[in-house]
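*Asks:* Chains A and B are the protein sequences, given in the same order.
First residue of the first sequence: 205, per this note's numbering; consecutive thereafter.
First residue of the second sequence: 12, per this note's numbering; consecutive thereafter.
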Amino acid sequence: MDREGRIAGIVCGVARAALRGAGAETLLLIDDGSPEAELCRRWLEPGLPPGAFRAIDATDPAIVESALQPVDAVEAARAVARSVAAAERGLVAGPANRTTLLLAPRSAPDDLLPLGDLWASRVAALTGSWSGPATIAELARRFGGVEHLDAALEAWLHGRVIDADPGLLEALEAALARGRSGRRWPRIVPKLESRTAWIDLGR
Amino acid sequence: MNADGVPTLRLAVLQTDALLEDPAANASTISDAAARVRADLTVTPELSLTGYHLEAAAASLARPVRTGEPIEGVEALAAAEGELVVGLPERSGIGPPHNCAAVLARGRVRHRHRKRYLPTYGMFDEARFFAPGEELETYVGDHGWRVGILICEDLWHPSLPYLLALEGAQVIAVLAAAAGRGAWSGGETGRFASWDHWVRLARVTAQTHGVYLALANRAGVEGPITFAGGSLIVGPDGGILAEAGADPGAVLEAVAERDALDAARASSPHARDEDPRWLAERLRRAPR
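#1: Please name the residues in the region 168 to 194 of chain B whose beta-carbon is closer than 9 Å to at least one beta-carbon of chain A, in chain order.
#2: Asparagine 301/A lies in the beta strand (DSSP E); which residues open and close that run?
#3: Which residues share a DSSP beta bridge with phenylalanine 257/A?
#4: Are the beta-carbon atoms belonging to isoleucine 392/A and alanine 212/A less than 8 Å from one another?
#5: Using a Cβ-Cβ cut-off of 8 Å, state whether proline 250/A counts as contacting chain B.
#6: If leucine 65/B and glutamate 86/B are in contact, beta carbons under 8 Å, what's the gap, nearest whole angstrom?
#7: Less than 8 Å between CB atoms is the rule here; does proline 394/A satisfy it with respect to chain B?
#8: So, is the C-beta of isoleucine 244/B closer than 8 Å to a C-beta in chain A?
#9: Just how far apart, CA to CA, sit aspartate 315/A and leucine 295/A?
#10: Can you pull the chain B neighbours of arginine 326/A, defined as C-beta to C-beta under 7 Å?
#11: Give the list of continuous beta strand (DSSP E) stretches no shorter than 3 residues that lie fully inside the region 135 to 190 of chain B.
#12: To which residues of the same chain is glycine 332/A closer than 6 Å at the C-beta, ignoring the five residues directly before and after it?
#13: Glutamate 285/B by DSSP, collapsed to three states: which one?
#14: Quick one: is valine 375/B near chain A, going by C-beta distance under 8 Å?
#15: Rounded to whole angstroms, what is the Cα-Cα separation between proline 253/A and isoleucine 366/A?
#16: Starting from the N-terminal side, write out each stretch of the alpha helix (DSSP H) that is 4 residues or longer and does not extend beyond the region 43 to 76 of chain B.
#17: Among Phe141/B, Glu94/B, Gly240/B and Arg211/B, which one has its Cα closest to the Cα of arginine 202/B?
#18: Any C-beta of chain B within less than 7 Å: which residues of the region 216 to 246 of chain A qualify?
#19: Consider the Cβ of glutamate 193/A: report whether some Cβ of chain B lies at a distance smaller than 8 Å.
#20: Taking the beta carbon of alanine 151/B as the centre, do at least 16 other beta carbons fall within 10 Å, making it buried, or is it exposed?
#21: Which stretch, first to last residue, makes up the alpha helix (DSSP H) that contains glutamate 374/A?
#22: Mind checking the region 124 to 137 of chain B against chain A and listing, in chain order, the residues whose C-beta falls within less than 8 Å of any C-beta there?
#23: Would a check of beta-carbon distances place arginine 407/A closer than 8 Å to chain B?
#24: Looking only at its chain, what residues have a beta carbon closer than 7 Å to the beta carbon of leucine 30/B, apart from the 5 residues adjacent to it on each side?
#25: Between glycine 201/B and chain A, is any beta-carbon pair separated by less than 8 Å?
#26: I want to know whether the region 224 to 239 of chain B touches the region 184 to 191 of chain B - three or more CB-CB distances under 8 Å.
#27: Quick one: list the residues of chain A neighbouring proline 81/B, beta-carbon separation under 8 Å, in chain order.
#28: Run through DSSP, which three-state label would arginine 21/B get?
#29: Are the CB atoms of leucine 99/B and alanine 45/B nearer to each other than 8 Å?
What follows is the structure, encoded as C-alpha cells:
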C-alpha cells in the first residue's frame, strides 16, 4: 500500500470508530477551501459509509447568512456544522494540520481532527500546498520554509535541541505557549506518529 | 505427534479487536474463533477480554484468576479446545488490579502471568491503574510443552525471556496491545515503522533462546489509537512461520516440532551455554 493510502486507512478507521463511539451517523467537515480540507475530503468521503460524510462549504457566500452569529466564513461554517451535527447525530471534523494545532490558539474546537498528527509540510507533500494562520506562515518563512519549522517542532516534541538562532527560538516558544491554550479540550486525533497532541502531550 | 512420532504442538494466534469494557462479547468472539482453529495452544492479545484503554474501569472489570477455577463472566471460553491464553485485569487483594494473562484449559485457569513492566510514558499510563506482577514461572501443559507467558512491554526487557528460557521454556507466548506509530515512514512492514521493532525483537528473542514465540498483537481502533496488528509466530531459528496483516480477525497457525527446536538449539547453543550462577554473582555487584 502506498503512503497516502496507508495513512488514509488509519484516519478513516479512527473516524469510523469515533462515529460509532459517539453514536453519530454523519461526519460534517468544515470545508474552508484549504488543501487540508481537500485532503480530508479525499480520504473521508470514500472511507466512510455511504451518506456518512458531508462537507459544510465555507467558501459559499451564503454560509455566513445561514449561521446565527457569524464571525467569519469558517466560523459560520463551523456554526452550521455544529447545528447540523446536533440535529442529525453528527460529529464535526476540522481540517487543521499538526503544525497549526501546535501553534495556533484557536485551531481545534472540532470533535475530530483527521490531520492532527500530520505536519503541514507533509500536507504539502501530498497536496502541493498547506495552509495556516498568517502568524504561522510568517514563522515558517522565518525558519526558511515550513519543513524547517516542522523539523524544529519535531525536535521540540522529542525534547531534542532545536537548531535555530535565539530570536527564532523565542518566537517559536511564544507560538507554542499560545498554542497550548488551544489544546485544553480533548479531541480525537488519529495517531500516526510517536508524539501526538492530546495523546502523548500534556494538555 | 506428527506422522513420524515426533512431538508437535499446534500453535494459533487470534488477532482480535476487543470491544471496550465488554468481556462477555469478547469471550464469545474468542471462543468461536478458537473453536474453529482447534489448536493445542491459542494466544490472544493483551487485555483481549476487556479492551486496552480501561483506565479506572480496570478495577471494576477485574476478576479473580485462581488456578483450577473458571473466570467469572466469561464462561463462553470453556468451549474452546486446547489451551487458550486470554488477557484481563485481575483482582488480587485490595490493591490495584494486575494486567494479567490467564491460560485456560476447558475454561479453568491452568496458569497465569501478571505483567511485570507497566509502561508509563508517552501515551501509556499503566502504572496508574495496574500493579506490577512479582511472579515469573513457566508451566507444562497437557500437550507436554513448557510454556512461558509475557505481556507486551515485558518482551522489551531482556531479563524476562532470559529467565523463562532458563526455566526451560520451549514456547513463549506474548500478548500485546501495541499501538501503531511511524505511519509516515511506514517501515519495512509497510504500515507502521514501530512494528519493525517488534518483528526484530520477536525474531531475535526466539533465536537467542531457541524457542518458539507466538506474538498476538491487537488490531483495530480504540479512540484515536490504531493498533498495529501484524501478529507473528516465529520458529526457534528466528524464521517467521506465520504473519498477520493489520486486519482484526486474522488467525495464524503453525506447528511447533520438537525436532526443529532441538536442531535450532544444536546449531545455536547459546541458551545451553548460559552460566546463571556467574550471572547471579555478577548481578549482586551490579549498580542499582
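No residue lacks a Cβ here, since even glycine has one placed at the ideal position from N, Cα and C.
*Replies:* Here's the rundown:
#1: Ala190, Gly191, Arg192, Gly193 and Ala194
#2: Where asparagine 301/A is concerned, there is no enclosing beta strand (DSSP E), given that its DSSP letter is neither H nor E.
#3: Leu231/A
#4: no
#5: no
#6: About 21 Å; that fails the 8 Å criterion.
#7: yes
#8: no
#9: 6 Å
#10: Trp195
#11: 157 to 162 and 182 to 187
#12: none
#13: coil
#14: This structure leaves residue 375/B out entirely; chain B is present only between 12 and 299.
#15: 43 Å
#16: 68 to 72
#17: Gly240/B
#18: Gly217, Val218 and Ala221
#19: Within the shown structure, residues of chain A are numbered from 205 to 407, placing residue 193/A beyond reach of any answer.
#20: At residue 151/B the sequence reads valine, which differs from the alanine that was named. Exposed, because fewer than 16 other Cβ atoms sit within 10 Å of the Cβ of valine 151/B.
#21: 370 to 384
#22: Gly133 and Met134
#23: At arginine 407/A, the pLDDT of 40 sits below 50, so the modelled position is not reliable and the matter cannot be decided from this model.
#24: Ala36, Asn37 and Gly62
#25: yes
#26: yes
#27: Chain A residues near proline 81/B: none, gap ~31 Å exceeds 8 Å.
#28: strand
#29: no
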